[in-house]
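Engineer: Please see the structure below; I have some questions.
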Amino acid sequence: MPIHRRDFTGSLSALAGLGVLPNLAQSQESGRSPLFVATWNFGLPACQKSLETLQKSGSILDAIELGIHVAEADVRVDSVGVGGAPNAQGVVQLDACFMDGATHKAGSVAGLEQYPHPISVARRVMEKTKHVMLVGQGAAEFARLQGFEKQELLTEEQRKKWMEWKSKQPADPAAAPPNHDTIALVGMDASGHIAGGCSTSGLAYKLPGRVGDSPILGGGLYVDGEVGAAGATGIGENIMRYCGSFAIVELMRTGMDPTSACKSVIERIARTEKKPPSELHINFLAIDKQGRWGGAGTDAEFQIAVVDSHSARLESPLLVK
Ligand code: ASP
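First residue of the sequence shown: 166, per my numbering; consecutive thereafter.
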């Protein structure tokens, strides 16, 4: 049964009870603590995997990639990777991007079909090509040539939901937007190396070929090694037109703390859109070079997973009304 972010917490406690999650109280490090922050409650096991990976491999890039794999591989997370929601034609098309603050290099894929780990393909674009973004068939061909394994991404559960949605078209325009959500995961190691990634199936039942904010650098994710990183989740169309994550990082560059920067960008967007924030469905998180984290959103259920050497927890960020 798919687990949407709203009812993921039960299974997290079950995991902790089984001892699957490491005892972070024992993994304290000297000096600056590594820090991982991710969107939604399904970001918590992802961030824990990031910390474990960092402790094993010492690589912040591996930590970001393998952390996001956890959400991409979990069929119960119904908006990311395998088990993600399909487009209007019943095809799962995934978007992802990856960015390294130390080099300011980045990679991105959009509309990728049949590959379960778009975050890895995005990282490979960054590391193995002269380009930044590959889309559609070109991205899939690149993934094949890089040796990634194909997999059917549409689960039976999602196929049934899509059939039901299809039978009700045309939809009531006043109805709530269909399911969506993204994992945006940003982190910093003890030396201050910052990186981040973002992965999603995007808006459920989107027009085929629709690309949201998540694979757009500066939209769904932005990392600047001198300043910090920001990531987004929500209606991509309301985020990408404002380069939301870039705007947050630039405010932090002026000295603003992460939460104030996220809040300020949401207020700017609401002002320009002439809409109450609650109608925008935009949510952000950020970390800065000083090791501070923060976030703000317009959805009351928005949560941020925060994992450092001392604790692993879910936080409710500032609600902008
Ligand atoms: N931002 C994603 C998109 O628009 C969806 C989400 O995070 O809710 O594709």
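For every residue, glycine included, the Cβ atom is placed at its ideal position computed from N, Cα and C. Model, not experiment: these values are computed from the prediction.
(1) Between the segment 403 to 421 and the segment 284 to 300, do at least 3 Cβ pairs fall closer than 8 Å?
(2) Under DSSP, the alpha helix (DSSP H) around Y411 begins and ends at which residues?
(3) Go ahead and label A203 buried or exposed: buried means 16 or more other beta carbons lie within 10 angstroms of its beta carbon, across all protein chains shown.
(4) Measure the alpha-carbon distance for C363 versus W205 and round it to whole angstroms.
(5) Could you give the distance in angstroms between the alpha-carbon of A461 and the alpha-carbon of G301?
(6) Can you list, in chain order, the residues of its chain with a C-beta nearer than 6 Å to that of L368? Leave out the 5 residues immediately preceding and following it.
(7) Going by beta carbon distance, what residues of the same chain come within less than 7 Å of L219, once the five residues before and after it are set aside?
(8) Taking the Cβ atom as the reference point for each residue, do V388 and G266 lie within a distance shorter than 8 Å?
(9) Just mark V471 as buried or exposed, buried being the case when its beta carbon has 16 or more other beta carbons within 10 Å.
(10) Taking just the CA atoms, how far does G208 sit from R324?
(11) Return the first residue and the last residue of the alpha helix (DSSP H) that A470 is part of.
(12) In or out: S356 buried (at least 16 other Cβ within 10 Å) or exposed?
(13) How many angstroms separate the CA atom of L216 from the CA atom of E230?
(14) Closer than 7 Å: is that where the CB of D378 sits relative to any heavy atom of the ligand ASP?
(15) Sort V242, R433, P210, L319 by Cα distance to K486 and report the nearest one.
(16) Would you mind giving the Cβ-Cβ distance between P251 and W327, rounded to the nearest angstrom? I have them listed as a contact below 8 Å.
(17) Could you name the residues of the same chain whose beta carbon sits closer than 6 Å to that of K371, not counting the 5 residues immediately before and after it, in chain order?
Structural biologist: Based on what the coordinates show:
(1) No, they do not touch.
(2) Before going on, a small fix: residue 411 reads as Phe here, not Tyr. F411 -> alpha helix (DSSP H) spans 409 to 418.
(3) The residue is buried, with at least 16 neighbouring Cβ atoms inside 10 Å.
(4) Taking C-alpha positions only, C363 is separated from W205 by approximately 12 Å.
(5) The alpha-carbon atoms of A461 and G301 are separated by roughly 32 Å.
(6) Hits under 6 Å: H345.
(7) The residues are P199, I225, A228, D354.
(8) Their beta carbons are under 8 Å apart, which means V388 touches G266 by this criterion.
(9) Only buried fits V471, as 16 or more other CB atoms lie within 10 angstroms of its CB.
(10) C-alpha separation (whole angstroms): 25 Å.
(11) It is not in any alpha helix (DSSP H) - A470 instead sits in the beta strand (DSSP E) that spans 469 to 473.
(12) If you draw a 10 Å sphere on the C-beta of S356, you find fewer than 16 other C-beta atoms in it, and that means exposed.
(13) CA-to-CA, the gap between L216 and E230 works out to about 11 Å.
(14) At least one heavy atom of the ligand ASP is nearer than 7 Å to the Cβ of D378, so yes.
(15) Among V242, R433, P210, L319, the Cα nearest to that of K486 belongs to R433.
(16) The pair is a contact, with the Cβ atoms about 5 Å apart (cut-off 8 Å).
(17) Cβ neighbours of K371 beyond the five flanking positions: N252.
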